[in-house]
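The sequence shown begins at 1 in the UniProt record's numbering and counts up one residue at a time.
Backbone N, C-alpha and C define an ideal beta-carbon position, used for all residues, glycine too.
One structure below.
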Amino acid sequence: MPLARDGSGIDATARAFWSQVHPVFMTPPLAASLFGAILAGSVDPLLAGVHVVAMFAAVYTAHVKDGYVDFHVRGEDDDHPLTERGCRTALTLSTAVFTLCCAVLGVLVGPIAVAVTLPTWLIAYHHAPQLDTNPVTATTGYPLGIALSVLGGFYVQAATITAVPLGFAVVFLTLLSGIKVIDDAQDYAYDRSIEKRTVAVAVGPDRAYDVAYGLMTVALGAVVAFVAARVFPITALLAALAFAAVAGIARRAEPELATMLLIRGSYVFLAVLVAAVRFDPIGRLL
1 MPLARDGSGI DATARAFWSQ VHPVFMTPPL AASLFGAILA GSVDPLLAGV
51 HVVAMFAAVY TAHVKDGYVD FHVRGEDDDH PLTERGCRTA LTLSTAVFTL
101 CCAVLGVLVG PIAVAVTLPT WLIAYHHAPQ LDTNPVTATT GYPLGIALSV
151 LGGFYVQAAT ITAVPLGFAV VFLTLLSGIK VIDDAQDYAY DRSIEKRTVA
201 VAVGPDRAYD VAYGLMTVAL GAVVAFVAAR VFPITALLAA LAFAAVAGIA
251 RRAEPELATM LLIRGSYVFL AVLVAAVRFD PIGRLL
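Listed below in structure tokens is the structure:
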């Protein structure tokens with residue numbers, strides 16, 4: 001039985017498996033893992049690499065499972081590159097890679113490293129059809145995975161959790177939840193027709209936008225508060241300002257463009273935070 005729906009052979013199968021790699025959504029969790037490692041100060045490349053691979057396997061699992069449920073189970077999608085067997089095979093492989101990474105982290109770091117890492121796979125595997133039917137879990141699943149990626153990336157380096165990675169995890173969870181509400185609003189009509197309860201379906205598109213930008217405002221306010229409390233370096237304020245500028249433009253755009261702007265704005269936000277943590281140029285001048 002073939003693994004790919006659009007052909008047979010190694011090339012067709014490889015293309016089908018590779019189709020589940022979505023760089024726009026995979027980059028933030030991997031970058032968050034490395035960001036957590038940078039927060040720890042001294043970075044062990046092996047531990048950082050193992051945790052990044054674990055995050056890749058978790059997100060890949062989410063993409064395959066989501067596609068499997070939406071096409072083969074619910075019949076919502078028009079097409080999917082993998083057959084049912086192909087989806088099961090891909091899930092088995094990604095889960096095996098994730099399990100191997102956890103085993104390595106357990107040996108090299110300890111059981112708590114596994115405990116911090118494992119929830120990312122649980123969220124990924126259960127996103128569909130369990131978590132994506134509730135407005136809260138449908139919205140926070142992906143952002144929570146990124147928050148855990150920051151904490152895991154830090155823990156495997158430092159073997160502890162401090163206020164700094166916790167603060168950044170909270171900020172990312174809140175900020176990205178706001179972006180996710182905007183992203184889900186793109187599919188408001190369709191989600192409503194199949195009774196899928198995203199925030200937009202639950203409260204209406206207009207109020208969903210208010211919720212989304214409210215969450216983003218809270219996240220940026222948290223950055224300011226953490227800077228004032230000397231948890232974050234003062235240069236982190238530049239990250240808040242940069243994202244606020246992008247959010248201001250996105251606020252006047254339609255959902256698809258707004259999502260694109262906000263996701264890329266989150267990349268800028270993360271990049272400036274990395275620079276702030278590593279160099280803190282403003283702090284050095286004061």
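Residues near Leu220 by beta carbon distance below 7 Å, same chain, minus five either side: Ala240, Phe243, Ala244
Here's the rule: buried if 16 or more other CB atoms are within 10 angstroms of the residue's CB, otherwise exposed. What is Leu285? exposed
If we require 4 or more residues per run, which alpha helix (DSSP H) segments fall completely within the stretch 100-131? 111-126
Please state whether the Cβ-Cβ distance between residue 288 and Pro28 is less than 9 Å. Nothing in the structure corresponds to residue 288, since the chain is present only between 1 and 286.
Count the other C-beta atoms from every protein chain shown that fall within 10 angstroms of the C-beta of Phe279, then say buried if there are 16 or more, exposed otherwise. exposed
How close, in whole Å, do the beta carbons of Ala189 and Pro255 come, if the pair is a contact with beta carbons under 8 Å? Going by Cβ atoms, the distance from Ala189 to Pro255 rounds to 11 Å, so no, they are not a contact pair.
Could you check how far apart the C-beta atoms of Leu257 and Ile182 are, in whole angstroms? I think they sit under 8 Å. Wrong, their Cβ atoms sit about 10 Å apart, outside the cutoff.
Short Cβ contact (9 Å threshold) for Ser149 with Ser266: no
Continuous alpha helix (DSSP H) stretch holding Leu82: start and end: Run containing Leu82: none; DSSP gives neither H nor E here.
Member of Thr95, Leu238, Gly141, Val268 whose CA lies at the smallest distance from the CA of Ile123: Gly141
Short check: CB of Trp121 to CB of Thr137, under 9 Å? no
Less than 8 Å between the CB atoms is what I'm expecting for Val201 and Asp191, so what's the real figure, rounded? 5 Å
For Val73, which option in Arg88, Val43, Tyr60 has the closest C-alpha, if you only look at C-alpha atoms? Arg88
Pick helix, strand or coil for Asp4, following the three-state DSSP scheme. Just to set this straight, residue 4 is Ala in the shown sequence, not Asp. Looking at Ala4 - three-state DSSP - the assignment turns out to be strand.
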